[in-house]
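Undergrad:
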Amino acid sequence: MGTPSGLAASDGYDLFEIRESLTYMTVEQTVQVQAGRTGDAPPKRALFIKFKHLGDSVIATAAIDAMPQGWEIDVVCFSASQQIFEMHPRVARVETTSKGKRGVARFLSDLSLVSRLKARRYDFVAQFSDDWRGAILSRLISADMSVARRNSRRGRLWHSSFKKIARVPSRNPRHMAELDVDLVRIAGLYSGSFAPPLRIVPDADAVLAAARASAQANLIADDRPLVLIQPATRWSFKGLPIATWTEAIDEITAAGQQVALLGGPDDRDLLDRIAADAGSRIPILIADIKTTAALMLRSSVVVSVDSLAMHLAAAVGRPTVAVFGPTDEGYWKPWGVPHRLVVNNEYSCRPCNLDGCAGSKVSHCLIALPPSRIPAAVFSLLMSLAADDCGARAERNRSG
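Each residue of the sequence shown is one higher than the one before, starting from 15 at the first, in this note's numbering.
#1: By the 10 Å Cβ neighbour count, where 16 or more other Cβ atoms means buried, how is A401 classified, buried or exposed?
#2: Assign M159 to one of three DSSP states: helix, strand, or coil.
#3: Tell me where the beta strand (DSSP E) around A274 begins and ends.
#4: Which runs of the alpha helix (DSSP H) spanning at least 4 residues fall entirely within the stretch 340-399, listed in chain order?
#5: For D320, collect the residues of the same chain with a Cβ closer than 6 Å to its Cβ; drop the 5 residues on either side in sequence, then sort them by chain order.
#6: Only counting the same chain, and skipping five residues up and downstream in sequence, which positions put a Cβ closer than 6 Å to that of A191?
#7: With C-beta atoms as the reference, is W85 less than 8 Å away from R59?
#8: Just checking, does the stretch 148-156 make contact with the stretch 304-315 on the three C-beta pairs under 8 Å criterion?
#9: Evaluate the contact criterion for the stretch 282-292 versus the stretch 359-376: three or more CB pairs, one atom per stretch, below 8 Å.
#10: Just curious, the alpha helix (DSSP H) that I214 is in, first and last residue?
#11: Is it true that the CB of V161 sits closer than 8 Å to the CB of I200?
#12: Short check: CB of I155 to CB of K132, under 8 Å?
#13: In angstroms, rounded to a whole number, what distance separates the CA positions of V198 and V90?
#14: Taking 8 Å as the threshold (C-beta atoms), are V317 and I243 in contact?
#15: Are the CB atoms of I298 and A260 within a distance shorter than 8 Å?
#16: Does the Cβ of A106 lie closer than 7 Å to at least one heavy atom of the ligand GTP?
#17: Measure the C-alpha to C-alpha separation of I179 and D196 and round it to an integer number of angstroms.
#18: By DSSP, does F208 sit in helix, in strand, or in coil?
#19: Could you check where the beta strand (DSSP E) with F138 kicks off and where it finishes?
#20: If I63 and S143 are in contact, beta carbons under 8 Å, what's the gap, nearest whole angstrom?
#21: Could you give the C-beta distance for H325 and G69, rounded to a whole number, given that I count them as a contact under 8 Å?
#22: With DSSP as the reference, please indicate the residues paired to S318 in a beta bridge.
#23: Could you round the C-beta distance between I388 and A262 to whole angstroms and report it? I think they count as a contact, below 8 Å.
#24: What is the DSSP secondary structure of L299, counted as helix, strand or coil?
#25: Are the CB atoms of A274 and L311 nearer to each other than 8 Å?
#26: Is L125 helix, strand or coil when you go by DSSP?
#27: Given this structure, state the Cα-to-Cα distance separating R332 from S314, to the nearest angstrom.
#28: In this structure, how does DSSP classify F438 when only helix, strand and coil are distinguished?
#29: Taking buried to mean at least 16 other C-beta atoms within 10 Å of its own C-beta, is C404 buried or exposed?
#30: Which term fits I266, buried or exposed, when burial requires 16 or more other beta carbons within 10 angstroms of its beta carbon?
#31: Report buried or exposed for L203, applying the criterion of at least 16 other Cβ atoms within 10 angstroms of its Cβ.
#32: Go ahead and label S166 buried or exposed: buried means 16 or more other beta carbons lie within 10 angstroms of its beta carbon, across all protein chains shown.
#33: For my contact list, L193 and L383 are in at a C-beta cut-off of 8 Å; report their separation, rounded to the angstrom.
#34: Mind reading off the beta-carbon distance from K375 to S250? Whole number of angstroms is fine, and I expect it under 8 Å.
What follows is the structure, given as structure tokens:
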């Protein structure tokens, strides 16, 4: 294994080989499995603290799979992220808290949460965010090992809440999946050179709901590739103009591919407007997070801006086309799957990591992005996948 799993197929690496190589267990994992089988010791218990956005929660699944086999892994997160972690087969329990609670209600809620967590007697605590709530939890739980990332926004008191602090590269971007897994590495629990892929597994109910949604949208199961496009984002400065999406969709459908628009209940208006302006009838799929993940499993390629959908597609192993504006693809690009990046490098200021040009919530690198770059990336990725499939079949024929 000699290739980082965040690279695209166009970089000359075989990402399927990388994903396969990551299934081999480290020495630490093998020891834990043997201990679990013989019953020599009770399973060790870890708590992952992730008070961040949905996309960040999906990225944290790489760190879950980096943990040694045999460990029980609990997660405490905001209630919005609960469904994400419930879809990971290695997560034993998900504890949640709400962003919205204030005053006495928040105090009582947090007091109950601390009581439940302390009763679990954790051996390892990893804080993936930079908030004080996680630092306080770490102090109160007093695990044998607790870790966090160094953060320039926090002082000595915050950093002293943890037994070990992982340093962060100051120059070149390191993908967030690697930064998350670094917390497991610094605790001596993972020795892999590269972070595992992201992973979630939709349950049977979600798979059934996806099948029903596809049938209701009259999506035809045939040999044509299905391109799912998720154009929505909660951050306006990451979004593309409607005209960009419609032009891209028209070019993709003209080439014979099936296209469907995908989003959550709050995205309905945007999807309706894009579909109305498209040159052909475009099915619209509205789903919750779990059903969205299951719908992505039915696709050939997922197209998205830098958002939850991009990471969700990677977590179910789907090839992804990701459109980036002001945010840095070095940190956030699809991890562990074949992908293509669409960026507007005519703007030398990007990635600026600002919320729009000069903080205006409007990103001109996205507004001026030529729509044709999106279908070009889709076609390039589909051709690469087809070539890989032909090569795999030829290899099976030779070995058979």
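Where a beta carbon is used, it is the ideal one built from N, C-alpha and C, also for glycine.
TA: This is what the structure holds:
#1: exposed
#2: strand
#3: Q272 to G277
#4: 343-346 and 378-381
#5: The beta carbon of D320 lies closer than 6 Å to those of K252, F338, T341 and W346 in the same chain, with the five residues before and after it left out.
#6: I73, A76, A209 and W349
#7: yes
#8: no
#9: no
#10: Here I214 belongs to no alpha helix (DSSP H), and DSSP marks it neither H nor E.
#11: Yes.
#12: Cβ atoms of I155 and K132: closer than 8 Å.
#13: So the two alpha carbons sit approximately 17 Å from each other.
#14: yes
#15: In the sequence as displayed, the identity of residue 260 is Thr instead of Ala. Contact flag unset, no.
#16: No copy of the ligand GTP appears in this structure; indeed no ligand is present at all.
#17: 10 Å
#18: coil
#19: F138 to Q141
#20: About 7 Å separates the beta carbons of I63 and S143, which is inside the 8 Å limit, making them a contact pair.
#21: 5 Å
#22: Q244 and A336
#23: 4 Å
#24: DSSP, reduced to helix, strand and coil, places L299 within a strand of the structure shown.
#25: No. Outside cutoff.
#26: helix
#27: 7 Å
#28: Outside the shown range of the chain, which is 15 to 414, sits residue 438, and nothing can be said about it.
#29: exposed
#30: Buried: at least 16 other Cβ atoms inside 10 Å.
#31: buried
#32: Label assigned to S166: exposed.
#33: 28 Å between Cβ atoms; not a contact.
#34: The beta carbons of K375 and S250 sit about 5 Å from each other, so the pair counts as a contact at 8 Å.
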